[in-house]
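Report on the following structure.
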Amino acid sequence: MDLPEEQVLHRYRINKATILHLCDELKEDLESSTLNPALSFFVTRSFQTPAGDACGISQRSVSNCVSQVTATLVKRSHKYICFPTYPTEAEQLEAFDKQLNDFVDYLFGPRDTRVRGWFMLDSCLPTMSLTLLYLLIVWLGTIYMKNRPAYSLKGVLVAYNFSVTMLSLYMLIELIASTWEGGYNLQCQNLHSAGEADTRVAKVLWWYYFSKLIEFLDTIFFVLRKKNNQITFLHVYHHASMFNIWWCVLNWIPCGQSFFGPTLNSFIHVLMYSYYGLSTIPSMHKYLWWKKYLTQAQLIQFLLTITHTLSAAVVSCGFPMGCLMFQSSYMATLVILFLNFYVKVCFLVLPSSEYCI
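In this text, residue positions in the sequence shown follow this note's numbering: the first is 3, and each later residue adds one.
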């Protein structure tokens, strides 16, 4: 091609090197006897007859050559022409998930690498979505059951409460064993000093986090049994918030000082869910004397957890101070809500209730 570079750019809108590259690629599919007449026609911008005369072939032959070259260019066009594409729904969801988690990481900083890849921990989207689904089921379920008879669910409740009791007992025993193995300091324990014991604690705390998802069934069973008086703000707030908070705990502070609350809570849940399971059996009612102490036990649990948390703030061991302050504040909201519930039930509404002493 003997045309000057400026003339080539003006005529073809691409530079000479690109044209030569295209010619080299076309040689893989076309003979020179086909390629040269077509290129002569394209380059000179003349009619096909003069281009054929220059190559010693007829106008019809030039036309055939041009058609073959054009078809080959079209076949290879995907390498040079990028048509606009639109992301699929899956790609849009993936992009949203990444943006959301990048924002969470921006707020809280780098995550603990020891839990990377653990089920449901890499993204906050499953936890948040399941929480929203839980709230939606509670709201719509209450409306759906309004004019329908309540379900008994006796067998289901026995199996469910027994299962949660066993899970809580496992977590209680494993937390005691793993923190004992790691020589945990009761007053303040950091995140990295106990080696393999820290990982063992984190694994138990993952089950504690997952148990908060399982416990959504508490409310769903209330809905199906039309126990709407038990679907209080305290109940829903506690269930919905704990699941999300423990997703954060597992990602940033999955061991160390975080062990204490779940240890106490697992003990309380052994008492609670064993009571709930046994209470579905009429012959066991006379043995369930401890129900009236459950509310007090929960309040004591919250106060002990706050005390334990603040002790680490007084004598620091390297556990993140912001996490200690958040945990204390959250537990304080539960204490206030539980006291409000207790005062209303035991002093204003039903002083003789079995919840009250």
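Note that CB positions come from ideal geometry on N, CA and C, so glycine has one too. Predicted, not measured: the structure shown is a model, and the values here were computed from it.
Buried/exposed call for residue i, threshold 16 Cβ in 10 Å
i, result
"Arg-118", "exposed"
"Ala-314", "buried"
"Phe-304", "buried"
"Gly-279", "buried"
"Tyr-108", "exposed"
"Met-323", "exposed"
"Glu-7", "exposed"
"Tyr-153", "exposed"
"Leu-177", "buried"
"Thr-115", "exposed"
"His-310", "buried"
"Gln-50", "buried"
"Leu-341", "exposed"
"Leu-123", "buried"
"Ser-180", "buried"
Enclosing alpha helix (DSSP H) for residue i [first to last residue]
i, result
"Leu-188", "Where Leu-188 is concerned, there is no enclosing alpha helix (DSSP H), given that its DSSP letter is neither H nor E."
"Cys-250", "235-254"
"His-194", "Per DSSP, His-194 belongs to no alpha helix (DSSP H) and is neither H nor E."
"Cys-348", "It is not in any alpha helix (DSSP H) - Cys-348 carries neither H nor E in the DSSP assignment."
"Asp-114", "It is not in any alpha helix (DSSP H) - Asp-114 carries neither H nor E in the DSSP assignment."
"Phe-212", "198-216"
"Leu-138", "127-147"
"Met-168", "156-183"
"Met-1", "This structure gives no information on residue 1, because the portion of the chain shown stretches from 3 to 359."
"His-310", "296-316"
Same chain only: Cβ atoms within 6 Å of residue i, ignoring 5 sequence neighbours per side
i, result
"Val-71", "Ala-40"
"Leu-339", "Leu-236"
"Thr-282", "Lys-156, Leu-159, Val-160"
"Thr-36", "Cys-67, Gln-70"
"Leu-336", "Phe-304"
"Gly-143", "Val-225"
Contacts around residue i, its chain only, beta-carbon distance under 8 Å, and the 5 residues preceding and following it disregarded
i, result
"Leu-312", "Leu-326, Ser-330"
"Ser-234", "The sequence shown places Thr at residue 234, rather than the Ser named in the question. Within the same chain, Thr-234 has close Cβ partners Phe-343."
"Phe-321", "Cys-190, Gln-191, Asn-192, Leu-193, Ile-255, Gly-258, Gln-259, Ala-314"
"Ala-97", "Pro-89"
"Leu-32", "Gln-70, Val-71, Thr-74"
"Gly-197", "Gly-184"
Cβ shell of residue i (< 7 Å), same chain only, five flanking positions each side left out
i, result
"Leu-174", "Thr-265, Ser-268, Phe-269, Val-272"
"Trp-208", "Trp-120, Leu-252"
"Thr-201", "Arg-116"
"Phe-43", "Gln-50, Ala-53, Val-64, Val-68"
C-beta contact flag for residue i and residue j at 8 Å
i, j, result
"Phe-245", "Lys-214", "yes"
"Lys-229", "Met-147", "no"
"Val-203", "Gly-185", "no"
"Met-333", "Ile-308", "yes"
"Tyr-162", "Leu-219", "yes"
"Tyr-210", "Trp-182", "no"
"Ile-216", "Ile-139", "no"
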